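In our numbering, the protein residues as written are 1 to 706.
Here a beta-carbon is modelled for each residue, glycine too, at the ideal position from N, C-alpha and C.
As the structure is a computational prediction, the values presented were derived from the model and not from experiment.
One structure below.
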C-alpha cells in the first residue's frame, strides 16, 4: 500500500517501508517535477522487515521495521524507524535501536536516483526518456547533488547528511556499530530546486527532531485555522466524524506556498496539488457556511486569472474562468504543458453562483463591488463565447487536439455516451451546465438588485425563465423519467441516464412536475448502488462500476444531489443518499470519503469497493459532508435581511444538531435543533439582537418522491 504525504506543492509517494521504488509513480515531487525517483534502504544488503508505515498527519509519516536475518544476530533484535516530513522538499530522521544484549554491526545503505520527470508524464505513465542529471557532485562526505540544466530547464536535488558517509555516485553507506541497548541516529535533508540557487527558495521546511519542534508549531497553526470553523455537536456520529475529518483535510489541501493562495484549496492529493477552478469553486460553496475564507480566496484568485484574450492553445477566452493553474516552468520537457488552461465549461457560471452565495452568507457588499467587473465579464462569456451558435445553451468543443475532450466535471474522454454506448460528438451542451447557467443568472440578478442595477436584474431573470422553459422542453426524456445527459452537436438528446441530471435539482431548473419522477429515477436500483448514486445507470451499455465516470460513486456528486432533493421537498430520498455516503465512508482509510469509489451494488459487494486511482484527500469529497450537513439543517442565508433560515428534517435516529460559532452576516451565531417529544425545536444560543435565526417553515418529517 502506498503512503502519501503532502504540504503545499510538495508531496511524497512511497511504500510502507518508506522506500521509493523506481519504475513506478512513487517519488518526491515539487513544482510539478519528480525530484527523487528512487530512494531505498538496505540493511547488510537486504530489505528490513516492515511492521507498519502510515501518515500521522497530512505532511508527516512514520515507518517502523526490524532487521532482516543477519548472521550471528537475533531476528527482530533491532527497531528501525523512519520519520519524515514533506514541505519544500523532504526531511527524514532515521533511528536504530538495539534491543539485544549483543553488539550490532551492519552496513546501512541508502540508494538514490532522480529523473526530473514531469508530473503529467508520470501520471499517465509516459516517461519515455527520463532526464538524467548532467552531473552528480559529492562534497565533504555529507552532501550529494543531482542536477540537470539545458535550454532554460533547471532542476536540482540536494541531499544533505547529518553524518559522514561513503558515497559511490548513487548510494550512501553508513557503518553502524551499536552496543547493547544503544541507539544510532541520522538526519537527511532533500532540497528541491526548480530555479538557479541564487533565486531558488530555501531548503526543507522541517528539520531534525521535527516531531518535537517544528511539528508542534505546525500543529498549533493547524489547530488555529480549524478553530475558525464552527464546532459541530450531534448524536449522528458518522456525520460528526466526517465533519472533523473534512476540516483537517481541507487544511491539508490549502495552497500555503504564497500569501495570495493561503485560502485556496488544491483539488486533491497526489496528482492535483494545484488550483483547479471547478474543484475550488464547488469546494468553497460546500464549505461556505463553515469556512467562508475559502470563498474569498477562491473568488479573488480566479478573478485574477480570468480570461482576457483568445488563445486556442490554452482555450482562454474573455471572461472565462480557468480550469487549471500550474507553476510557470520555462524550458520544461513536457510537450503538452499549460501554465494556465481554460478547458472547462462550468467554472464560469459556478463563479457567479459562489459570489452570490458568499454575499448571502456574509452580507459583504464590498466583496461584490470588488468583483463587479469579473462578474460582468463572466456573464458576458456565458452569452457570447459560451453559446457560440446562439441556441441559448452553453456548449464546449476543444480548440486543439491537446485539449480535454470533455469539459464538464466528468472530464474523462469517454464520459459523454449515448445509451447504446456510442460517443457524443461536439459541440456538447451538458444538462447540468444549463442548470448552473440558470442558477447563475438568478443569483446575478439578486446581486444586480443590491448594486442598484434593476434593469439588468430584470433582464437576467427573464433570460433565466426562458432558459428553464426551453431546457425542460429539449432535455426531458419522458420514457426514461430523466433528463438527457446532454445535447450533441446535432442537437440530439444524449440519452444515457446519469447522475448529471441530479444536479438539476440543486440548481432549480427542473420543472416541479418532472422533479418527482427524476427523484424516483435517481433512487432506482440501477442508479442507487446502496452506497450512493452511481454516475451512470447500470442499464447503460457504457456502464462500468470501476470506471472513472461511467458507473462509479462520487461523494461530492451525491452531496449536490442530496441538497437538491431536500430543496424540492424529497427529504426521505435526500436522507437515503446521505446515510449511504456516510456509511460508506466508514470503510475507507481514516474513515475519509475518497474522490470516488466503485459502483458495485451493496447487495453483492457487502462493502464499498475502493478504487486505487482515487485521490484522497480530495477537495470536493472533503466538502461533501459539509453540504450534506447543510441539507439536513435546510440552511438558507439572507444576510442582507439579517436572517438565517432553517428548514430541518432529521432522520429518525438523529436527536440533535448544534453548531457553535457559525459565521453569518459578520457575526458569530450558535444554535441547536433538537427533536423532543416528537417535535423539532430550535434554540438560538448565541447571536446579536439584530440577527434572526428561525425556521423558514414548520419542520416536516422526511418525505419521499412518489
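Neighbourhood of residue i by C-beta, 6 angstroms cutoff - its chain only, sequence neighbours within 5 removed
i           : result
residue 286 : 623, 626 and 627
residue 182 : 98
residue 430 : 408 and 486
residue 558 : 532, 533, 577 and 581
residue 410 : 549
residue 499 : 533, 535 and 557
residue 19  : 40
residue 419 : 495, 496 and 540
residue 694 : none
Contact belief for residue i with residue j at Cβ below 8 angstroms, rounded distance in angstroms
i           : j           : result
residue 348 : residue 320 : 6 angstroms
residue 434 : residue 385 : Incorrect: roughly 16 angstroms between the Cβ atoms, too far for contact.
residue 96  : residue 167 : With 8 angstroms as the limit, residue 96 and residue 167 do not qualify as a contact, their Cβ atoms being about 20 angstroms apart.
residue 585 : residue 592 : 7 angstroms
residue 673 : residue 656 : 7 angstroms
residue 576 : residue 523 : 7 angstroms
residue 494 : residue 510 : Going by Cβ atoms, the distance from residue 494 to residue 510 rounds to 17 angstroms, so no, they are not a contact pair.
residue 505 : residue 567 : 6 angstroms
residue 16  : residue 50  : 5 angstroms
residue 621 : residue 595 : 5 angstroms
residue 30  : residue 192 : 4 angstroms
Among the options, nearest to residue i - alpha-carbon criterion
i           : options               : result
residue 403 : 426, 341, 427 and 384 : 341
residue 502 : 42, 528, 479 and 76   : 528
residue 255 : 7, 535, 576 and 694   : 7
residue 70  : 164, 312, 106 and 492 : 106
residue 357 : 439, 512, 90 and 690  : 439
residue 188 : 692, 90 and 609       : 90
residue 363 : 224, 641 and 670      : 641
residue 233 : 659, 689 and 678      : 659
residue 261 : 679, 149, 279 and 300 : 300
residue 52  : 41, 131, 125 and 81   : 81
residue 662 : 302, 226 and 239      : 226
residue 374 : 302, 428 and 264      : 302
residue 263 : 294, 564 and 488      : 294
residue 379 : 648, 72 and 307       : 307
residue 26  : 72, 116 and 100       : 116
residue 426 : 419, 395, 441 and 448 : 395
residue 270 : 241, 616, 72 and 74   : 616
Any non-hydrogen atom of the ligand ZN closer than 7 angstroms to residue i Cβ
i          : result
residue 90 : Ligands are entirely absent from the displayed structure, and the ligand ZN is therefore not among its contents.
Contacts around residue i, its chain only, beta-carbon distance under 7 angstroms, and the 5 residues preceding and following it disregarded
i           : result
residue 5   : 11, 12, 55, 58, 59, 60, 61 and 86
residue 76  : 66
residue 361 : 288, 289, 292, 637, 639 and 664
residue 113 : 22, 37, 38 and 170
residue 230 : 290, 659, 660, 661 and 662
Local Cβ density within 10 Å of residue i, reported as buried at 16 or more and exposed below that
i           : result
residue 33  : buried
residue 322 : buried
residue 479 : exposed
residue 64  : buried
residue 607 : exposed
residue 687 : buried
residue 552 : buried
residue 1   : exposed
residue 309 : exposed
residue 381 : buried
residue 469 : exposed
residue 46  : exposed
residue 514 : buried
residue 496 : buried
residue 152 : exposed
residue 140 : exposed
residue 530 : buried
residue 666 : exposed
residue 205 : buried
residue 678 : exposed
residue 331 : Interpretation of residue 331 is limited by its pLDDT of 47, a score under 50 that renders its predicted location unreliable; the figure taken from the coordinates is listed afterwards. Exposed, since its Cβ has fewer than 16 Cβ neighbours within 10 Å.
residue 180 : exposed
residue 653 : exposed
Spatial neighbours of residue i in its chain, beta-carbon cut-off 8 angstroms, leaving aside the 5 residues before and after
i           : result
residue 142 : 160, 161, 162, 163, 164 and 165
residue 466 : 392
residue 709 : Nothing in the structure corresponds to residue 709, since the chain is present only between 1 and 706.
residue 507 : 432, 435, 436, 438, 439 and 564
TODO: At 3 residues or longer, and completely inside the region 128 to 211: list those beta strand (DSSP E) runs for me, N to C.
DONE: 135 to 139, 143 to 150, 153 to 161, 171 to 178 and 183 to 193
TODO: Note down, one range per segment and in chain order, each alpha helix (DSSP H) of at least 4 residues found wholly within the region 579 to 637.
DONE: 602 to 605 and 619 to 633
Task: Ordered list of alpha helix (DSSP H) runs contained in the region 372 to 451, each at least 4 residues - done: 372 to 383 and 431 to 450
TODO: Run through the region 60 to 100 for me and flag every whole alpha helix (DSSP H) of 4 or more residues, listed as ranges in chain order.
DONE: none
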